[in-house]
Structure formats: C-alpha cells, structure tokens
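Student: My questions all concern the structure below.
Structure below.
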C-alpha cells in the first residue's frame, strides 16, 4: 500500500501530532508499505527521516488550544500538493488535523485517493475554528472517507460541530524504547526526583507544580524537581518564582531530544502532570507508564482516558497546588505503592503499543477502502 501521512505542523518543532505521525510511519514501513510523511518545516537542509517531503518552508505561529501551532501559510502549497499527488499515486492519504491551516486542506481539495483523517485536539469550551468555519468546511466533508478520533474527548469536540461516524483509535507508545533506558547518574544521589516534562506554557500547569513543590520541600527536603521541556513563554516567570521562594533542587533542563526522554523518566521516582486541560489523551502519561514510573496527574478528561486513579497513579483536581503537594508526598512516602503502580502502568502501556495501534489503523484503511467500516457515532451539535 502506498500511504501519505500529512501533518499541518512544523516538522522541526516537537509536538503531539508529529510525535504520532513519526512512529506511525516507521511502523508502516516496517510492515512493508511505502510511506511518505508530508509536512511543513522551518529547518532547511537535512532532516531526521528519509521519508519526509517538505511542503511549506515558511512557518508562522498561530494560537491554538492554549498553545502555539506552527503552520505554513505559503502561497504555493496548492500547486505543489497537486504535483506530488499526480506523481505518487497514493492509495491512502491520511491527513492529521485536516482543517488546520493550510497544508491539510490542499490535500482534501486535490486528493482523489482514499482520504482518511485523524482529529487529535480537544478543548473543554469547544473550537472557535470549527464554530466559525463549519459552513466553509461542510462542502468538503464528503471527501473524507474515513474519520478517526484519538479519544472520546477528541470525538466529542469534532462531533459537536460535524455529527457523523468516527472510529476511535488512540495514540500509541513505543514501550520498549521507554522501558529499556537507564537513569541519569548525576541525579542518582539519594534524592527523590519528581519529573515534569512538557512545553512551559500555561495549560501544562507548571506554576501549580512549583507551588506544590514549595510546600512539599519543607516537609521532604530530600526531593528534587526536574523540569524538562522547551520554553512556551513561562520559563522566565517560573525561574523568578523559584528564586523568590529560595527553592533549592529545581533543575530547568530545557528542551531535550526524544532519544533522551526515557532516561529522564527512569531517573524519576514519580512523574507529575499538573495540566489544566485541553489534553485529548495524554501521550506523555503513556510514556511514563511504559517507563514503569508512577504518576500524579490532574483529573482532566483526556488523562482519565488512559490513567485510572489509584491504579497506574493518583489524580488531583487541576489547579489544586495543595492537593498536588499532599498527593506527591503520599506517593513518595510509600515506595511499595509506587512500585506497584509503576508495574500496572507498564502493563497498561502495552495496550497502546505502536504495533497494536498501527495494525488497527491499517485494518481501518482496508475497511474504508472496501466500504465496510463500522464506526462509533459522533455526538450531535
């Protein structure tokens, strides 16, 4: 099968959709299929995968769900998409976030292959893009033969504006990649490490974790907070808070390559995800589970898709610094409970392995091409 995987987001910038597309392409290639990933990129020259085709080198940042979406608005996207479609003759064109500007829409416009789309995003208050643009999008809807949502929250959001039938297929995780890593020696000094991993932007909730850590540090002085992630605008304010409070043992590691992430998970005694919302599934929770690390996470809908409170970790209401501190203390004080949660998490992560998820997507392609796909109904508006 000849497959195009289309992402609207800058391939040079880490993010959830590209972190989905990359291993999905690798799994398809491993299964013997011909795959091209097509995405914009702000980085010229060599790229990290030989199957990437860059369309859209001029990238701008647009506000999206409390984050920034780095997309291409280049004027020549349409003609370039037409040329690659005519040259390659794809059997399946799989478009991720199909109505993000602007590259995905050109594939919907010109592709005559079997068009499959995946909706990744969720937002508790709904989507202004879909609300304002639904009448523009509707005439193109019939070109989407297969429709995937990565979770029930993602399904509810898209189904609110476009009632139809969808298949829920979750994000995957490379279990062996996270399970086989070794800890970072400089942090193996007897202190109990709490890991935060994510862009330093408001919806990831780091300020609430810092407040919780300030309380926890007084009661458990042998703790350390390791903050990993690129700056989404909050790092200066967070560093000022740490300095003002005189907090010790807070490490801002900055952005780390994907290859290093498993080592940070293995270094931690607990992974903390204090996010405030707009998470459709929680890929990072699956990564922590695959590494066998217990979790303390916000009780938000997307996280509850993969984490059961009291099983793989513990959940706390979002924005509750005091509750977060008490829950971290509870888990760090009970090593046996943490080990058991880590084991259960590793077992849960296997259900989301990329082997299984990619196989489910390939089966769905075949069902769509044969016109016999059974799906979950989307909610009405």
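Numbering (this note's numbering), first residue to last: 40 to 420.
From the three backbone atoms N, C-alpha and C, an ideal C-beta is built for every residue, glycine too.
Remember, predicted model here, so these are calculated numbers, not experimental data.
For the ligand ADP, is there any heavy atom lying closer than 8 Å to the beta carbon of residue 301?
Tutor: As for the ligand ADP, it is missing from this structure, which has no ligand bound.
Student: To the nearest angstrom, how far is it from the Cα of residue 142 to the Cα of residue 150?
Tutor: The alpha-carbon atoms of residue 142 and residue 150 are separated by roughly 12 Å.
Student: State whether the region 218-225 contacts the region 176-189, with contact taken as three or more CB pairs (one from each stretch) at a distance under 8 Å.
Tutor: The region 218-225 vs the region 176-189: no contact.
Student: By DSSP, does residue 305 sit in helix, in strand, or in coil?
Tutor: In this structure, residue 305 counts as helix in the three-state DSSP scheme.
Student: Using C-beta distances below 6 Å, list every residue in its chain close to residue 291, excluding the 5 sequence neighbours before and after it, in chain order.
Tutor: Cβ within range, chain order: 266.
Student: So the alpha helix (DSSP H) residue 354 belongs to, where does it begin and stop?
Tutor: First-last for residue 354: 352-355, but that is the beta strand (DSSP E), not the alpha helix (DSSP H).
Student: Would residue 109 and residue 54 qualify as a contact pair, given that the criterion is a beta-carbon distance under 9 Å?
Tutor: Result yes, Cβ atoms of residue 109 and residue 54 sit closer than 9 Å.
Student: So, are the CB atoms of residue 325 and residue 345 less than 9 Å apart?
Tutor: Cβ distance < 9 Å, so residue 325 and residue 345 count as in contact.
Student: When we look at the beta-carbon of residue 210 and count the other beta-carbons within 10 Å, is it buried (16 or more) or exposed?
Tutor: By the neighbour-count rule (16 or more Cβ atoms within 10 Å), residue 210 is buried.
Student: Since residue 132 is in the beta strand (DSSP E), which residue starts that stretch and which ends it?
Tutor: Unbroken beta strand (DSSP E) run through residue 132: 131-135.
Student: Let's test the definition: count the other Cβ atoms within 10 Å of the Cβ of residue 301 and tell me whether it reaches 16, buried, or not, exposed.
Tutor: Under this definition residue 301 is a buried residue.
Student: What residue range is occupied by the uninterrupted alpha helix (DSSP H) comprising residue 60?
Tutor: Taken as a continuous stretch (DSSP letters only), the alpha helix (DSSP H) holding residue 60 covers 55-69.
Student: For residue 127, which option in 77, 363 and 382 has the closest C-alpha, if you only look at C-alpha atoms?
Tutor: Of 77, 363 and 382, the residue nearest in Cα terms is 77.
Student: Could you say which of 191, 215, 213 and 216 lies nearest to residue 205 if we only look at CA atoms?
Tutor: Of the listed residues, the one whose Cα sits closest to residue 205 is 191.
Student: Taking the CB atoms as reference points, tell me whether residue 231 and residue 371 lie closer together than 9 Å.
Tutor: For residue 231 and residue 371, yes; Cβs fall inside 9 Å.
Student: Buried or exposed: residue 174, going by 16 or more other Cβ atoms within 10 Å of its Cβ?
Tutor: Exposed: under 16 other Cβ atoms inside 10 Å.
Student: Would you say residue 384 and residue 331 are within 9 Å of each other, going by their C-beta atoms?
Tutor: Yes. Within cutoff.
Student: In the DSSP assignment, the beta strand (DSSP E) including residue 409 goes from what residue to what residue?
Tutor: Looking at the DSSP string, residue 409 is not in any beta strand (DSSP E), and its letter there is neither H nor E.
Student: Would you call residue 177 buried or exposed, if buried means 16 or more other Cβ atoms sit within 10 Å of its Cβ?
Tutor: So residue 177 ends up on the exposed side.
Student: Taking C-beta to C-beta, are residue 157 and residue 408 nearer than 9 Å?
Tutor: Taking 9 Å as the Cβ cut-off, residue 157 and residue 408 do not qualify as a contacting pair.
Student: Cβ atoms of residue 132 and residue 124: under 9 Å apart, would you say?
Tutor: A contact, by the Cβ cut-off of 9 Å.
Student: Any chance you could list the alpha helix (DSSP H) runs of at least 4 consecutive residues sitting entirely within the region 257-337, in chain order?
Tutor: Entirely contained in the region 257-337, the alpha helix (DSSP H) runs reaching 4 residues are, in chain order, 274-284, 300-306 and 322-329.
Student: Between the C-alpha atoms of residue 281 and residue 317, what's the straight-line distance to the nearest angstrom?
Tutor: Their backbone Cα atoms lie some 26 Å apart in a straight line.
Student: When DSSP labels each residue in this structure, what does residue 90 get in the three-state scheme?
Tutor: Looking at residue 90 - three-state DSSP - the assignment turns out to be coil, as it is neither helix nor strand.
Student: Suppose the cutoff is 6 Å on Cβ atoms and the five residues either side in sequence are ignored; what does the same chain contact list for residue 366 look like?
Tutor: Closer than 6 Å at the Cβ level, and outside the excluded window around residue 366, lie 335, 353 and 355.
Student: Looking only at its own chain, which residues have a Cβ that is under 6 Å from the Cβ of residue 72, when we skip the five neighbours before and after it?
Tutor: Excluding residues within five positions, the ones whose Cβ falls inside 6 Å are 40 and 42.
Student: Tell me, to the nearest whole angstrom, how far the beta carbon of residue 422 is from that of residue 315; I am working on the premise that it is less than 8 Å.
Tutor: Any question about residue 422 goes unanswered here, given that the chain covers just 40 to 420.
Student: Keeping to the same chain, check which residues put their C-beta closer than 6 Å to that of residue 66; ignore five residues upstream and five downstream.
Tutor: Correct list, in chain order: 393 and 397.
Student: Hey, quick one: how far does the alpha helix (DSSP H) through residue 364 stretch, first residue to last?
Tutor: Its alpha helix (DSSP H) spans residues 360-371.
Student: How big is the Cα-Cα spacing for residue 420 and residue 200?
Tutor: The predicted model places residue 420 with a pLDDT of 30, which falls under 50 and marks its position as unreliable, so this point remains unresolved.
Student: Determine the DSSP secondary structure at residue 73, reduced to helix, strand or coil.
Tutor: In the structure shown, residue 73 sits in a strand (DSSP, three-state: E or B).
Student: On the three-state DSSP scale, how would you describe residue 85?
Tutor: The predicted position of residue 85 is uncertain, since its pLDDT is 47 and thus under 50; a value taken from the coordinates is nonetheless stated next. Residue 85: coil per DSSP, three-state reduction.
Student: What is the residue span of the alpha helix (DSSP H) that residue 175 lies within?
Tutor: Unbroken alpha helix (DSSP H) run through residue 175: 167-176.
Student: Looking only at C-alpha atoms, which of 297, 120 and 69 sits nearest to residue 52?
Tutor: The residue with the shortest Cα to Cα distance from residue 52 is 297.
Student: For residue 112 and residue 351, what's the separation of their Cα atoms in angstroms?
Tutor: Using only the alpha carbons, I get a separation of about 42 Å.
Student: Does the beta-carbon distance from residue 277 to residue 239 come in below 9 Å?
Tutor: Taking 9 Å as the Cβ cut-off, residue 277 and residue 239 qualify as a contacting pair.
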